[in-house]
Amino acid sequence: MMSQPFWKSFLKTLIGNVTRARSAAVHWRYRFFQTSWFSNLFVASLALFLFIAEPALAQSIDLSPIQSLLQGIVDALTGPLGVVIATLAVLGVFLSWFFNIIDLRQALWVLVGIAGVAAAPTIVAAVFAGG
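And the structure:
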């Protein structure tokens, strides 16, 4: 009976040792994280970090320039300028439908969109007034 070559026996021994070492390490990690002192330490440190945490720096940012810009856009779209733009859009849609450039379905969707833009501030005010 011939014996195995040296490299085959060495490889089997090496693979066996690595597998045993790996399973022991995995078992050790599993037992380590299952202990109660580790979970107690984790919960205590998490609570400490939550109580020590300072407010975010984003709370102190002044957003009034952006708010005034956006409010100006809303006022322009829902004020007298918005009425003029909506009137011209309805006139254009009516003429396009009259000359058969668009069909009635597209014309009605444009009118629904105009009504949605006009009603948007009222809808938003109704939603956020309860809060």
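Residue numbers (this note's numbering): -18 to 112.
Cβ coordinates follow ideal geometry from the N, Cα and C atoms, glycine included.
This one's a predicted model, so the numbers in the text were calculated from it and none came from an experiment.
Residue range of the unbroken alpha helix (DSSP H) whose run includes residue i
i     : result
Ala34 : Where Ala34 is concerned, there is no enclosing alpha helix (DSSP H), given that its DSSP letter is neither H nor E.
Ser41 : Per DSSP, Ser41 belongs to no alpha helix (DSSP H) and is neither H nor E.
Phe79 : Pro61 to Phe79
Collapsed DSSP secondary structure at residue i in the structure displayed
i        : result
Phe19    : helix
Asp56    : helix
Pro(-14) : coil
Alpha carbon of residue i to alpha carbon of residue j, nearest angstrom
i      : j     : result
Thr103 : Phe23 : 49 angstroms
Ala106 : Asn21 : 48 angstroms
Pro46  : Ile54 : 13 angstroms
Cutoff 7 angstroms; reference residue i; Cβ partners in own chain excluding five residues on either side
i     : result
Ala70 : Val91 and Ile95
Top-ranked residue by Cα proximity to residue i, from the options
i     : options                       : result
Leu89 : Leu27, Val98 and Trp78        : Trp78
Gly97 : Ala25, Asn81, Leu50 and Gly63 : Gly63
8 angstroms Cβ shell around residue i - same chain, five flanking residues per side excluded
i     : result
Ile66 : Leu58
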